[in-house]
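In this text, residue positions in the sequence shown follow our numbering: the first is 61, and each later residue adds one.
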Amino acid sequence: PAFLGLNPNHKVPTLVDGDLHLWESGAICQYLAAKAGRTDLWPTDPAAQADVSRWMFWNHTQWAPPIGAVNMERLFKKMFGMGEGDEAVATAKLAEFAREAKVLDAHLAGRTWVALDHLTLADIQLACTLMYMPMARMSLDGFPNVAAWFERVTALPAWQETALPGR
């Protein structure tokens with residue numbers, strides 16, 4: 061009941077900072093970056109901010125749904141005692157993932173980072189969505205630009221310091 065007072069969706073993450081009760085990972089990232097003065101991650105210029113924001117929204121609406129479904133069927137159901145996953149559902153969602161990965165792969169052609177010319181919250185959000193990829197038996201085969209970008213993100217010291225155990 062107390063948590064529902066902070067987040068009526070009854071989900072994580074939820075940030076409490078004084079009187080501010082904030083949910084949704086993208087909003088939390090934007091808030092924390094702005095509060096820390098990290099204009100490299102979350103710019104203040106409206107056009108640059110819109111570019112980063114576009115990819116953060118794309119993560120939530122296009123990228124994360126099929127990846128989350130595959131993770132659920134191949135990893136989380138068993139992990140949380142919800143029975144066996146449905147491989148037919150995972151396979152169908154992998155087709156959706158491939159469609160979205162094609163969009164990201166084309167965008168990343170000739171680019172190092174997703175938005176602007178440096179690491180931003182967009183890169184962090186999109187990469188975090190992929191963090192269970194090996195355990196969920198997903199692959200970036202056929203998407204060389206996404207694979208190279210993901211390798212760059214996961215090689216960052218901050219990623220290495222916070223990576224899941226055994227990865």
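In this text, a Cβ means the ideal position worked out from N, Cα and C, and glycines have one as well.
Quick check on the DSSP output: the alpha helix (DSSP H) that includes residue i runs from which residue to which?
{"i": "residue 167", "result": "147-168"}
{"i": "residue 75", "result": "Segment 74-77 is the beta strand (DSSP E) holding residue 75; no alpha helix (DSSP H) there."}
{"i": "residue 102", "result": "Per DSSP, residue 102 belongs to no alpha helix (DSSP H) and is neither H nor E."}
{"i": "residue 216", "result": "No alpha helix (DSSP H) holds residue 216; DSSP gives it neither H nor E."}
{"i": "residue 228", "result": "The chain is shown only over 61 to 227; residue 228 falls outside these bounds and no answer can be derived."}
Indicate whether residue i and residue j have their beta-carbon atoms separated by less than 8 Å.
{"i": "residue 209", "j": "residue 168", "result": "yes"}
{"i": "residue 129", "j": "residue 153", "result": "yes"}
{"i": "residue 165", "j": "residue 203", "result": "yes"}
{"i": "residue 176", "j": "residue 112", "result": "yes"}
{"i": "residue 214", "j": "residue 196", "result": "no"}
{"i": "residue 101", "j": "residue 88", "result": "no"}
{"i": "residue 86", "j": "residue 116", "result": "yes"}
Rounded to the nearest angstrom, what separates residue i and residue j at their Cα positions?
{"i": "residue 84", "j": "residue 201", "result": "30 Å"}
{"i": "residue 199", "j": "residue 79", "result": "42 Å"}
{"i": "residue 99", "j": "residue 185", "result": "16 Å"}
{"i": "residue 110", "j": "residue 134", "result": "34 Å"}
{"i": "residue 222", "j": "residue 216", "result": "10 Å"}
{"i": "residue 121", "j": "residue 173", "result": "20 Å"}
{"i": "residue 146", "j": "residue 137", "result": "9 Å"}
{"i": "residue 149", "j": "residue 125", "result": "12 Å"}
{"i": "residue 64", "j": "residue 170", "result": "45 Å"}
{"i": "residue 219", "j": "residue 157", "result": "23 Å"}
{"i": "residue 72", "j": "residue 66", "result": "10 Å"}
{"i": "residue 178", "j": "residue 95", "result": "20 Å"}
{"i": "residue 212", "j": "residue 224", "result": "17 Å"}
{"i": "residue 194", "j": "residue 127", "result": "12 Å"}
{"i": "residue 192", "j": "residue 61", "result": "30 Å"}
{"i": "residue 183", "j": "residue 108", "result": "14 Å"}
Apply the 10 Å Cβ neighbour rule to residue i and answer buried if 16 or more other Cβ atoms are within range, or exposed otherwise.
{"i": "residue 155", "result": "exposed"}
{"i": "residue 180", "result": "buried"}
{"i": "residue 119", "result": "buried"}
{"i": "residue 131", "result": "buried"}
{"i": "residue 93", "result": "buried"}
{"i": "residue 160", "result": "buried"}
{"i": "residue 142", "result": "exposed"}
{"i": "residue 103", "result": "buried"}
{"i": "residue 90", "result": "buried"}
{"i": "residue 105", "result": "exposed"}
{"i": "residue 206", "result": "buried"}
Just curious, the beta strand (DSSP E) that residue i is in, first and last residue?
{"i": "residue 82", "result": "80-83"}
Answer yes or no: the CB of residue i versus the heavy atoms of the ligand PLP, is any distance below 7 Å?
{"i": "residue 200", "result": "Of ligands this structure carries none, so the ligand PLP is not represented either."}
Counting only runs of 3+ residues fully inside the region 165-204, write out the beta strand (DSSP E) ranges in chain order.
none
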